[in-house]
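Peer 1:
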Amino acid sequence: MTSAIMPTYAPADIAFEHGEGVYLYSTDGKKYVDFGSGIAVSALGHSHPHLVAAIQEQAGKVMHYSNLYRIPGQETLAQRLVDNSFASSVFCTNSGAEAVECGLKIVRRYHDVNGNPDKYRVITCTGSFHGRTLATLSAAKNEKHMDGFTPMLDGFDQVPFGNLNELRAAVTEETAAILVEPIQGEGGITYAEPEYFKRLRDTADEFGLLLFLDEVQTGIGRTGKLFAHEWADIQPDVVAAAKGLGGGFPVGACLANEKATAAMAPGTHGSTFGGNPMASAAANAVLDIVLGDGFLENVQKTGAYLRTKLEELSAKHAFLGDVRGQGLLTGIVCDDSVVNLDLVKAAENIGLLTVPAGANVVRVLPPLIVTEAEIDEGMAILDQACGEMGG
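The sequence shown finishes on residue 394 if you use my numbering, and the numbering steps up by one all the way, no holes.
Written as structure tokens, this is what we have:
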């Protein structure tokens, strides 16, 4: 039967009927260990009782009435993010791409209101992914994603990720900001040392730029801190967040410090749905759990355990290489003899969900509530899949 869905996806022939914790159950009754988390979205796993109750309760009150009026849940959400981060204000969005777009507008507006309207260009990094809008595609400059959509928008200059010298050389009188992911998820779980981010902060200060971090995938506890930049002990100017923030409900946020916030005023940005009562209820429920005592420390613990288990698999199977990432944002490299998509499919056939990434990497992204026993279960399936691949 021909689908009425626009053919922009090539989904696996699986539909899920329900989920519980780290498990998904397909419509034909098969059980899967979900170590994809909807691409790092299902932070609390599936059917988490606190999240479900919050959404159900809010749905019975009011779901939407727009930002023409105060939304108490959104105010609470913004304050909690401010209280637990570098930020002084938050703009709520529906997605990560919108959060990045908001940040791009903030950095341009900041320089414009400070008398430098010619400072509009943003330095980005190779291997990055910032979303699927024209502006975020233009920022990442991924040829595969740009195909058929050129010309891209002007205003972005790209340098190699992790190379501070080339980044500094790319700064001009028109440069407004640096935009970088703390860990490149889509690009292959590419990691840079904390010192790189400390130097990015210093460089931004030296040249009068804003430091803008895309934490859509790394944020909301995924690496074991609320935001990944905390590992480098730096204070960015703007951060984009989404994915895990709603635990599966579409919501994002753009966080900004006081100087960046000062550039924004009524009418400079807006969203019909962003931060509506339903989205805010979901995000607040997620933060109830993620900000709870010991939760992030446990993510660090289970993340270290997952890394150890992946390293054991890498040592066992010849075609597996480096283990990458931090916390529960991890990946393992396949060599040229195996295509990552084939390994993802082999694991899926047995009952483990993972996510492909660039650089021939298989992403392993369990829900943040995963236990060591559940990691053992998932790794046993991945081990079996590797064996079937001939490794």
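All C-beta atoms, glycine included, are put in the ideal place defined by N, C-alpha and C.
To the nearest angstrom, how far is it from the Cα of Q187 to the Cα of Y68?
Peer 2: Approximately 36 Å, taken between the alpha carbons.
Peer 1: Between which two residues does the beta strand (DSSP E) containing S395 stretch?
Peer 2: Here the chain covers residues 4 to 394 and nothing more, so residue 395 does not appear.
Peer 1: Pick out whichever of Q220, G227, R310 and Q387 has its Cα sitting closest to the Cα of G295.
Peer 2: Ranking the options by Cα distance to G295, first place goes to G227.
Peer 1: Looking at C-beta atoms only, is the number of pairs between the stretch 246-253 and the stretch 200-211 that lie closer than 8 Å three or more?
Peer 2: Judged by Cβ distances under 8 Å, the stretch 246-253 makes no contact with the stretch 200-211, as fewer than three pairs qualify.
Peer 1: Note down the Cα distance separating S92 from H272, rounded to an integer number of angstroms.
Peer 2: Those two C-alpha atoms are separated by around 14 Å.
Peer 1: If I'm right that A231 touches P185 with Cβ under 8 Å, what's the distance once you round it to whole angstroms?
Peer 2: Contact holds; Cβ gap of about 4 Å.
Peer 1: If you check the beta carbons only, do A245 and G390 fall under 8 Å apart?
Peer 2: Not closer than 8 Å, so no.
Peer 1: Measure the Cβ-Cβ separation of L313 and V326 and say whether it is below 8 Å.
Peer 2: Taking 8 Å as the Cβ cut-off, L313 and V326 qualify as a contacting pair.
Peer 1: Alpha carbon to alpha carbon, how far is L214 from S283? Give it in angstroms, no decimals.
Peer 2: Distance between the alpha carbons of S283 and L214: 27 Å.
Peer 1: Tell me, please, whether the CB atom of S29 is closer than 8 Å to any CB atom in chain C?
Peer 2: No chain C is part of this structure, which consists of one protein chain only.
Peer 1: Which of the three DSSP states, helix, strand or coil, is assigned to D325?
Peer 2: Here D325 sits in strand by DSSP.
Peer 1: For K122, is the classification buried or exposed, using 16 other Cβ atoms within 10 angstroms of its Cβ as the cut-off for buried?
Peer 2: Buried, since its Cβ has 16 or more Cβ neighbours within 10 Å.
Peer 1: Within this structure, are the beta carbons of S6 and E20 separated by less than 8 Å?
Peer 2: For S6 and E20, no; Cβs fall outside 8 Å.
Peer 1: Helix, strand or coil: which one does DSSP assign to G24?
Peer 2: Correct three-state label for G24: strand.
Peer 1: Pull up the DSSP beta-bridge partners for S29, would you.
Peer 2: Looking at the DSSP assignment, S29 forms a beta bridge with F19.
Peer 1: With DSSP as the reference, identify every bridge partner of L213, one or two as the case may be.
Peer 2: Partner(s): A180.
Peer 1: Is it the case that the Cβ atoms of A46 and I335 are separated by a distance below 8 Å?
Peer 2: Cβ atoms of A46 and I335: not closer than 8 Å.
Peer 1: With 16 as the cutoff for other CB atoms within 10 Å, does L309 come out buried or exposed?
Peer 2: By the 10 Å Cβ count, L309 comes out buried.
Peer 1: Label D338 either buried or exposed according to how many other C-beta atoms from any shown protein chain fall within 10 Å of its C-beta, with 16 as the threshold for buried.
Peer 2: D338 comes out exposed.
Peer 1: Per the contact definition of three or more C-beta pairs closer than 8 Å, is the stretch 353-360 in contact with the stretch 37-53?
Peer 2: Flag = yes, the stretch 37-53 and the stretch 353-360 touch.
Peer 1: Could you tell me the alpha carbon to alpha carbon distance between G381 and E300, rounded to whole angstroms?
Peer 2: Each residue's alpha carbon lies about 21 Å from the other.
Peer 1: Roughly how far, in whole angstroms, is the beta-carbon of G278 from the beta-carbon of C105, given that I think they are within contact range, below 8 Å?
Peer 2: Actually they do not touch by this definition, with Cβ atoms about 12 Å apart.
Peer 1: Rounded to whole angstroms, how far is the Cβ of A362 from the Cβ of G165, which I believe are closer than 8 Å?
Peer 2: A362 to G165, Cβ: 14 Å. No contact.
Peer 1: How about the stretch 260-272 and the stretch 61-80: do they share at least three Cβ pairs that are nearer than 8 Å?
Peer 2: No, the stretch 260-272 does not touch the stretch 61-80.
Peer 1: Note down, one range per segment and in chain order, each alpha helix (DSSP H) of at least 4 residues found wholly within the stretch 142-175.
Peer 2: Runs of the alpha helix (DSSP H) inside the stretch 142-175: 146-149 and 167-173.
Peer 1: So what does L332 bridge to, in DSSP terms?
Peer 2: Beta-bridge pairing links L332 to Q329.
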